[in-house]
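Chemist: Take a look at the following structure, please.
Numbering (our numbering), first residue to last: 4 to 257.
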């Protein structure tokens, strides 16, 4: 059996109906994982991905929750528990906190309600989702938090987003130490400019060329570039990596 094989394991990917999250869910399924696809509103996109996974002989479920809501983590954790019962599974193996919300604004233009929403989705909800799911996360399991290179390079328009993701990275480090005795690894993956529907500049061919000049490998990222790193961390091949901030930028702004 390959050390990258995830056959039989159950993974939850938040924000998995599109972009990087969708690529992560597919990459995990390709390695044999049974995947719980979280979405907020894009029910059709989530159902389409689940159907594609099933067509390839895999198992997938969808679950809706608004992670900007104060009780979003409860709604999602309750849905996950129901899916685990349906699947006849006694535990969750992999938790990927991918869902996020961005805000391009300098500090002078940030409203309190903007600040609260960005911190809620990018830090507070993942914190309490982990808290709710730890009792059902299998010993030897994986927690993978998707952060941003905005925590290591200064982008003034990320005045709220970057601090929220930096908090997620701090949580990653301390949980790696706390959960090590259970054999659970906890890591953060930091994408750079990635061509998704949420990053218009990286998708636009001309703008992407400009960005590529700041990337050592000479191009913007694709969702699969990030997904493959997450799949490695989720597998047995990543068993000796924990508490790390893994740069997934192709060498952007080195």
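By construction, the Cβ of each residue, glycine as well, lies at the ideal position given by its N, Cα and C atoms.
Could you check what DSSP says for residue 154 in three-state terms: helix, strand or coil?
Modeler: In the structure shown, residue 154 sits in a helix (DSSP, three-state: H, G or I).
Chemist: What residues in its chain sit with their C-beta under 8 Å from that of residue 50, if we drop five residues either side in the sequence?
Modeler: Result list for residue 50: 65, in chain order.
Chemist: Rounded to the nearest angstrom, what separates residue 239 and residue 193 at their Cα positions?
Modeler: In a straight line, the C-alpha of residue 239 is about 21 Å away from that of residue 193.
Chemist: Please tell me whether, using a cut-off of 7 Å, the distance from the CB of residue 144 to the nearest non-hydrogen atom of the ligand MN is below it.
Modeler: The ligand MN is not part of this structure, which contains no ligands at all.
Chemist: By Cβ distance below 6 Å, which residues in the same chain neighbour residue 159 in space, the five residues on each side in sequence not counted?
Modeler: Around residue 159: 109.
Chemist: In whole angstroms, what is the alpha-carbon distance linking residue 78 and residue 151?
Modeler: The straight-line gap from Cα to Cα measures roughly 26 Å.
Chemist: Excluding the 5 residues preceding and the 5 following residue 170 in the sequence, name in chain order all residues of the same chain whose CB lies nearer than 6 Å to its CB.
Modeler: Within the same chain, residue 170 has close Cβ partners 126.
Chemist: Determine the DSSP secondary structure at residue 123, reduced to helix, strand or coil.
Modeler: Note: residue 123 maps to helix in three-state DSSP.
Chemist: Three or more C-beta pairs under 8 Å: does that hold for the stretch 138 to 149 against the stretch 99 to 108?
Modeler: Flag = yes, the stretch 138 to 149 and the stretch 99 to 108 touch.
Chemist: Evaluate the contact criterion for the stretch 111 to 120 versus the stretch 196 to 215: three or more CB pairs, one atom per stretch, below 8 Å.
Modeler: No, because fewer than three Cβ pairs between the stretch 111 to 120 and the stretch 196 to 215 fall closer than 8 Å, the two stretches do not touch.
Chemist: Using CA atoms only, rank isn't needed, just tell me which of 27, 179 and 120 is closest to residue 225.
Modeler: Comparing Cα positions, the closest option is 27.
Chemist: Cβ atoms of residue 105 and residue 257: under 8 Å apart, would you say?
Modeler: Cβ distance not < 8 Å, so residue 257 and residue 105 don't count as in contact.
Chemist: Of all the CB atoms in chain D, is at least one closer than 8 Å to the CB of residue 113?
Modeler: The structure shown contains no chain D, having only a single protein chain.
Chemist: State the Cα-Cα distance for the pair residue 156 and residue 250, rounded to the nearest angstrom.
Modeler: Taking the straight line from one Cα to the other gives about 11 Å.
Chemist: Shortest alpha-carbon distance to residue 230 belongs to which of 30, 153 and 91?
Modeler: The option with the nearest alpha carbon to residue 230 is 30.
Chemist: Rounded to whole angstroms, what is the Cα-Cα separation between residue 177 and residue 219?
Modeler: Whole-angstrom Cα-Cα distance: 31 Å.
Chemist: Which residues in the same chain have their Cβ closer than 6 Å to the Cβ of residue 186, if we skip the five residues on either side of it in sequence?
Modeler: Excluding residues within five positions, the ones whose Cβ falls inside 6 Å are 142 and 143.
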